[in-house]
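S.K.:
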Amino acid sequence: MVKISPLEQSVRSGCLPRLLILGALPPGDWHPLSWRLVLDPDAEFDAIVLGEGTGADEARTIVERSRVPLAPIVDVSPTPVAHAEVRVGVAGLASVGDVLAEAAEIVRRVEALPEPVRRASDPALLLLARCATRKTGLAAVLSAAVPDLVHYPAAGHITAPRRHAERLADAGLLARTFFDRLHVCPRCRSARLCVREECSACRGADIDEEPTVHHFACAHMALERAFRSGDLLVCPKCRRSLRHFGVDYAKPGMATVCNGCGHVDGEPVIGFRCVDCGAHHDARAVSTCDWYSYALTAAGEDAIARGALDPAIAPPPPARETLLFLLRQGLALEGHGRRGPALIELALQALPAVAAGQGARFAERARALAVEAVRGELREIDLVVGRDNGAIIYLPETAADAAKAAAERIVRRVRAVVAVELDPDARLVDPRVLLGDLEAAR
Amino acid sequence: MTPSDPLYYLLSMDAAALLAAFSFSIILDLPRYTFGFLAVLLVELGSRRRGKGAVRLPTVSIIIAGHNEAASIRRCVISLREQTVRDLEIICVDDGSTDGMADELYRLRAENLIDVALVCRVRCGKSSACNLALSRARGEAVVNVDVDCTFDRDAIENIVCPLANPEVGAVCGNIAVRNAGASFIARMQVVEYVIGISLGKRALDFFNVVACASGAFSAFRRVALEGVGGMDVGPGEDLDLTLRLRQAGWRIRFAHNAWCLTDVPATVPAFVRQRLRWERDALRIRLRKHRRILDPRDRGATATDLVHQFDYIVTNLLVTLVFPVYLGWLLVTYGDAAWMILGSVTLGYVVLDLISFLAALVVVDRPGLGRALPYALLFGAFNAYFVRAIRLVAYAQEWIFRRSFHDAYVPARVRKQAPLY
Ligand SMILES: [Zn+2]
Ligand SMILES: [Zn+2]
Ligand SMILES: [Zn+2]
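Line by line, the protein sequences are chains Y and E.
Quick note: the first sequence uses the working numbering, first residue 211, plus one each step.
Quick note: the second sequence uses the working numbering, first residue 281, plus one each step.
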């Protein structure tokens with residue numbers, strides 16, 4: 211016997227899709243008559259619309275908790291947040307009416323998916339389904355609101371969508387389209403960097419350009435200021451007046467003069483200042499990160515039609531072995547001009563109590579959610595390995611102070627994302643000690 | 281042995297006739313060698329007595345100007361970063377290169393190997409590029425080096441050491457040949473550098489008559505350099521600068537223990553081109569731009585100025601100009617016996633230069649010099665005939681056509697504005 215969804219029932223019985231309204235809706239040319247409005251966030255709904263005075267984060271939390279993990283989030287506020295999934299100005303949507311029509315279209319496509327996909331909890335499968343039901347696929351957009359600077363609105367509440375999307379793309383279910391290459395802070399991995407031209411000596415940005423002047427007759431060459439004498443140019447070496455550009459003098463180059471330290475040099479250097487952690491980096495020290503948009507492939511469509519992912523794709527690589535390998539490599543590289551790795555041990559101290567009170571399955575889901583949240587806070591190169599009551603986080607080539615900052619961020623993030631109090635605690639562990647433990651365990 | 285035999289003829293001459301026949305060598309060559317040997321002997325004795333005292337080294341700025349030297353600038357800079365003097369300020373100027381030298385300079389700066397990278401989009405000439413670097417230099421001592429040079433690890437320390445004496449305005453470094461094995465002509469230059477620079481400048485230094493702090497490797501007191509306005513338009517700017525420093529009252533020293541290596545021309549045409557240019561430049565600078573020094577009415581010239589100018593006129597100019605005349609006179613006067621006399625004169629050169637080289641082996645502290653000994657046997661003839669012939673051509677070019685003013689060493693638009701001497 212096939213179970214029929216509430217929406218299918220409502221559509222079959224001529225009922226309208228339900229729209230959960232958050233915040234105040236603007237007046238406009240949209241047609242609320244084609245929707246049923248829901249105002250109680252705990253009631254059932256098919257899509258969420260954001261009005262004025264709400265945030266996408268709130269909507270995402272509601273979607274995450276709901277039984278409709280594929281529900282679209284629509285922003286109709288006059289100043290839509292850049293990473294709202296459907297809003298005026300993206301994908302050719304010109305008005306609030308267009309936006310709501312697109313939302314209805316997504317709801318219709320979601321309803322057409324097989325039941326196991328619609329109710330899935332595997333983030334990779336959900337991401338694939340979201341990609342399948344959105345006109346834009348899994349399109350990357352720039353957003354100043356996130357440290358990565360790149361956001362996938364269609365990913366909705368799924369954290370670290372890039373990680374899942376890359377795995378799906380490697381498996382051939384998604385196709386990559388290059389989006390952008392961004393510079394990232396080597397300390398905190400944020401892409402929110404200020405780029406400036408700087409003095410090569412003091413790295414200050416208060417610099418000016420000034421031409422050099424070459425007096426042919428006496429071979430004197432110096433900054434123009436050395437020749438300036440009121441409106442005239444007078445050679446400081448031979449006291450003759452420079453009268454004719456190109457005949458008795460030339461300006462063969464430009465020099466950079468630093469107002470901070472007085473340094474005179476050729477071209478200025480490029481430097482980066484991280485908006486998030488305040489660190490300053492040379493252009494050479496800043497690494498880059500390539501971002502892609504993703505579209506569903508035929509193999510991806512098949513997977514959705516089957517209602518499940520190939521088990522070979524779904525499970526992450528055997529993390530413990532990877533951790534062992536990375537630890538050995540990282541410690542071997544240390545001292546060869548490279549920074550050593552750092553390790554953070556995340557302990558969810560209240561997890562046993564949660565398991566005792568609300569059941570082991572609930573505790574396991576809370577733990578998985580916490581680990582997922584941790585992944586969202588880390589760099590692409592970092593590794594998170596789940597373990598009893600917490601996780602081990604491997605940060606390659608990371609200084610102790612940067613690791614300490616990461617640990618604090620992780621704790622804050624877990625507190626913010628997981629509604630249940632897990633009493634998270636993150637501390638640095640000596641990589642050598644852990645390597646010894648892991649080798650002994652084998 | 282018959283009376284028609286040239287050797288018989290030679291042996292039958294009386295003392296006065298012999299003196300006449302060998303007059304050239306006796307008047308123009310012997311005094312120079314005698315003074316040279318004497319000086320080296322005295323210097324050697326002197327340096328044995330004086331130990332190297334602990335002196336405070338001045339702060340040092342290195343200025344390097346180059347045109348299309350992208351391939352060799354890195355080697356030069358790394359050699360400078362290997363010095364016993366650690367905190368060098370290195371200022372590089374790209375003089376209008378088209379081979380990507382500017383990019384290489386910016387790379388070196390990004391790697392913290394150089395401190396300042398200045399770039400001229402068009403070629404301005406070596407003097408101007410050096411002056412630009414000088415305008416930026418902060419060290420008490422400014423060391424000017426050529427891009428194709430590399431240095432002994434203590435070269436910078438040794439070259440700035442004499443500046444501890446406040447009378448010294450410039451110090452000339454010692455130069456050895458890097459590509460000695462490249463060719464015969466390169467080997468000959470090894471001998472020439474050892475006798476002419478390592479030994480010769482030591483002798484000049486003893487008499488305080490060092491006249492040229494070479495553009496390849498020299499150190500200057502920055503205030504002295506700024507006082508004379510840096511370099512003037514080339515070519516020959518290094519000689520000109522040194523003469524102007526001397527006129528300003530500064531002493532010029534030679535640091536025999538400050539070694540740099542350079543590549544010499546390895547083919548005969550390249551060697552000839554280089555020497556033609558050097559000799560033309562020397563003539564122009566000494567006899568045109570600085571002819572005042574020779575004027576007895578000029579009060580600015582010191583006794584030592586007269587000595588080094590006189591030395592140049594006798595050992596370079598007169599030797600070169602008079603030798604062909606002497607040859608002609610020999611042929612006319614002695615007929616077939618002239619060849620005998622000439623052979624003896626040549627043998628004399630060979631012996632004297634061999635003795636010079638052997639003296640150098642004792643005095644000059646440079647490994648591997650002994651390998652050039654076989655070439656030292658040929659050096660006397662090489663120098664007496666080949667080098668003199670080149671010089672003669674150079675003098676003709678300069679005297680008659682002022683060739684040095686058309687030298688592409690200086691860009692055309694700069695040449696047009698440069699003063700004509
Ligand atoms: Zn500065
Ligand atoms: Zn001037
Ligand atoms: Zn940062």
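All C-beta atoms in this analysis are idealised placements derived from N, C-alpha and C, irrespective of residue type, glycine included.
Do three or more CB pairs link the stretch 361 to 376 of chain Y to the stretch 427 to 436 of chain Y at distances below 8 Å?
M.R.: Verdict: no, contact absent.
S.K.: Name the DSSP beta bridge partners of Y/T387, please?
M.R.: Y/S503
S.K.: If the cut-off is 8 Å on Cβ atoms, which residues from the stretch 388 to 402 of chain E count as contacting chain Y, listed in chain order?
M.R.: R389, A390, D395, V396, A397, L398, V399, C400, R401 and V402
S.K.: Check whether chain Y comes within 8 Å of E/A698, counting only Cβ atoms and requiring the distance to be less than that.
M.R.: yes
S.K.: Rounded to the nearest angstrom, what separates Y/E407 and Y/G263 at their Cα positions?
M.R.: 39 Å
S.K.: Anyone know if the C-beta pair for E/V340 and E/C372 falls short of 8 Å?
M.R.: No. Outside cutoff.
S.K.: Compute every distance between the C-beta of Y/A489 and the non-hydrogen atoms of ligand 3, then say whether any falls below 7 Å.
M.R.: yes
S.K.: Grab me the residues of Y/T507's own chain with a C-beta within less than 8 Å of its C-beta, minus the 5 sequence neighbours each way, in chain order.
M.R.: G382, L383, L384 and A385
S.K.: Quick check on the burial criterion: 16 or more other C-beta atoms within 10 angstroms. Buried or exposed for E/Q469?
M.R.: buried
S.K.: Can you round the beta-carbon distance between Y/P396 and Y/A495 to whole angstroms, since I take them to be within the 8 Å contact cut?
M.R.: 6 Å
S.K.: Could you pull the start and end residues of the alpha helix (DSSP H) that Y/A465 belongs to?
M.R.: Premise fails: Y/A465 lies in the beta strand (DSSP E), Y459 to C468, not in any alpha helix (DSSP H).
S.K.: Just to confirm my understanding: we take E/C400, look at its own chain, exclude 5 residues before and 5 after, and list those with CB closer than 6 Å. What are they?
M.R.: Here the set comprises D375 and G376.
S.K.: Taking all protein chains shown into account, do 16 or more other C-beta atoms lie within 10 angstroms of the C-beta of E/L322, making it buried, or fewer, making it exposed?
M.R.: exposed
S.K.: Does the Cβ of E/S696 have 16 or more other Cβ atoms within 10 Å, making it buried, or fewer, making it exposed?
M.R.: The amino acid at residue 696 of chain E is misidentified as Ser; the sequence shows Lys. Exposed.
S.K.: Using 8 Å as the limit for Cβ to Cβ distance, is Y/F426 near chain E?
M.R.: yes
S.K.: With DSSP collapsed to three states, give me the class of E/E517.
M.R.: helix
S.K.: Kindly indicate which three-state DSSP category E/V673 falls into: helix, strand or coil?
M.R.: helix
S.K.: Residues near ligand 1, CB to any non-hydrogen atom under 5 Å, in chain order?
M.R.: Y/C409, Y/A411, Y/C412, Y/G414, Y/C468, Y/G470, Y/C471 and Y/H473
S.K.: Should Y/D308 be counted as a contact of ligand 3 given a C-beta to heavy atom distance under 7 Å?
M.R.: no
S.K.: What did DSSP end up calling Y/P525 once you bin it into helix, strand or coil?
M.R.: Low per-residue confidence applies at Y/P525: pLDDT is 48, beneath 50, and the placement is therefore not dependable enough to give any value.
S.K.: Where do the ends of the beta strand (DSSP E) carrying E/C452 lie?
M.R.: V448 to V457
S.K.: Considering Cα atoms alone, identify which of E/Y386, E/T364 and E/V335 is closest to E/I353.
M.R.: E/Y386
S.K.: Figure out for me which residue from Y/A617, Y/L533, Y/L260 and Y/D475 has the closest Cα to the Cα of Y/S410.
M.R.: Residue Y/D475 is the option with its Cα nearest to Y/S410.
S.K.: Answer yes or no: do Y/H393 and E/G509 have a C-beta to C-beta separation smaller than 8 Å?
M.R.: no
S.K.: For a test of your reading of the model: does the CB of Y/R277 fall under 7 Å from any non-hydrogen atom of ligand 3? Yes or no.
M.R.: no
S.K.: State buried or exposed for E/V605, treating a residue as buried only when at least 16 other CB atoms are found within 10 Å of its CB.
M.R.: Around the C-beta of E/V605, fewer than 16 other C-beta atoms lie within 10 Å, and the residue is accordingly described as exposed.
S.K.: Rounded C-beta distance between E/L412 and E/L393? I'm assuming under 8 Å.
M.R.: That belief does not hold up - the Cβ atoms of E/L412 and E/L393 are roughly 20 Å apart, past 8 Å.
S.K.: State the start and end residues of the unbroken beta strand (DSSP E) segment that holds E/H347.
M.R.: Where E/H347 is concerned, there is no enclosing beta strand (DSSP E), given that its DSSP letter is neither H nor E.
S.K.: In the DSSP assignment, what are the bridge partners of Y/M431?
M.R.: DSSP, once it has assigned bridges, lists Y/H424 as partnering Y/M431.
S.K.: Quick one: which chain Y residues come within Cβ less than 7 Å of E/C404?
M.R.: Under the 7 Å cutoff, chain Y gives H424, M431 and P462.
S.K.: Listed from N- to C-terminal order along the chain, which residues in the stretch 494 to 517 of chain Y have their beta-carbon within a distance smaller than 7 Å of any beta-carbon of chain E?
M.R.: R494
S.K.: Hey, is the stretch 479 to 490 of chain E in contact with the stretch 415 to 432 of chain E, meaning 3+ C-beta pairs nearer than 8 Å?
M.R.: Taking 8 Å as the limit for Cβ pairs, the verdict is that the stretch 415 to 432 of chain E does not touch the stretch 479 to 490 of chain E.
S.K.: Could you spell out where the beta strand (DSSP E) holding E/I371 opens and where it closes?
M.R.: E369 to D375
S.K.: Compare the C-beta of Y/A207 against all C-beta atoms of chain E and say whether one is closer than 8 Å.
M.R.: Absent from the model: residue 207 of chain Y. The displayed extent of chain Y is 211 to 652, so no value can be given.
S.K.: Identify which residue in E/L638, E/V642, E/L574 and E/R524 has its Cα closest to the Cα of E/D512.
M.R.: Of the listed residues, the one whose Cα sits closest to E/D512 is E/R524.
S.K.: Taking C-alpha atoms, which residue in Y/A576, Y/L338 and Y/V356 lies nearest to Y/L632?
M.R.: Y/A576
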